[in-house]
Every structure is written in C-alpha cells, then in structure tokens.
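Asker: Numbering (the working numbering), first residue to last: 133 to 230.
This is the structure, below, for whatever I ask next.
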C-alpha cells in the first residue's frame with residue numbers, strides 16, 4: 133500500500149537519507165502504547181507552539197537577517213517533521229493501519 137500524504141519522490145529520498153544516517157532502516161516491534169502516546173503528546177505540544185507563533189507572526193516585523201534566520205529554522209523543522217511523518221506512516225503501514 134502506498135504511503136499517504138507524501139510526494140513519492142520525497143518519500144524515497146527521505147527514506148534513503150534516513151538509511152544513510154542510521155546505517156539502514158529496519159522495522160522494529162511497535163513501541164509500547166505508553167511511549168507512543170508520549171510521542172503523540174509531544175507532537176500536540178509542538179503543534180500548539182507553532183500555531184501560537186503563527187498567530188503572533190502576523191503582527192510582527194523583522195529585519196531581513198532575522199527573517200532569514202527564522203526561515204532557515206522553519207525549513208529545518210519542516211524537513212524534520214516530514215521525516216517523523218514518514219517514519220510514523222511506515223510503522224502504521226507495517227502494522228496494517230494504512
């Protein structure tokens with residue numbers, strides 16, 4: 133079953149990058165539910181912080197240097213979020229949830 137919500141080219145590239153970083157991806161047994169729930173809670177908190185920031189940013193101005201720094205930080209966060217999403221989708225797919 134194909135991965136949902138991701139560009140196929142990105143999916144292949146992200147998985148290859150992850151394989152290179154980790155020396156190869158292997159499917160492990162699912163984490164205990166408690167640990168998965170804690171990870172979900174962390175994602176919810178991050179989402180809350182980002183939504184608060186998005187609302188505040190609409191009323192702020194920055195220098196070009198500040199803007200570039202924030203843009204770089206957001207780009208890095210976006211790449212990390214896509215990798216987390218890919219790994220969660222892979223585990224969900226392996227568990228038969230997708």
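In this text, a Cβ means the ideal position worked out from N, Cα and C, and glycines have one as well.
So, with DSSP's three-state summary, where would you put residue 210?
Answerer: Looking at residue 210 - three-state DSSP - the assignment turns out to be helix.
Asker: DSSP state of residue 141, grouped into three classes?
Answerer: Unreliable placement is indicated for residue 141, whose pLDDT of 49 sits below 50; no coordinate value is reported for it.
Asker: Among 213, 216, 221 and 185, which residue has its Cα nearest to the Cα of residue 202?
Answerer: It is 185.
Asker: With H, G and I counted as helix, E and B as strand and the rest as coil, what does DSSP make of residue 191?
Answerer: Of the three classes helix, strand and coil, the one that applies to residue 191 here is coil, per DSSP.
Asker: Does the Cβ of residue 226 lie closer than 7 Å to at least one heavy atom of the ligand HEM?
Answerer: As for the ligand HEM, it is missing from this structure, which has no ligand bound.
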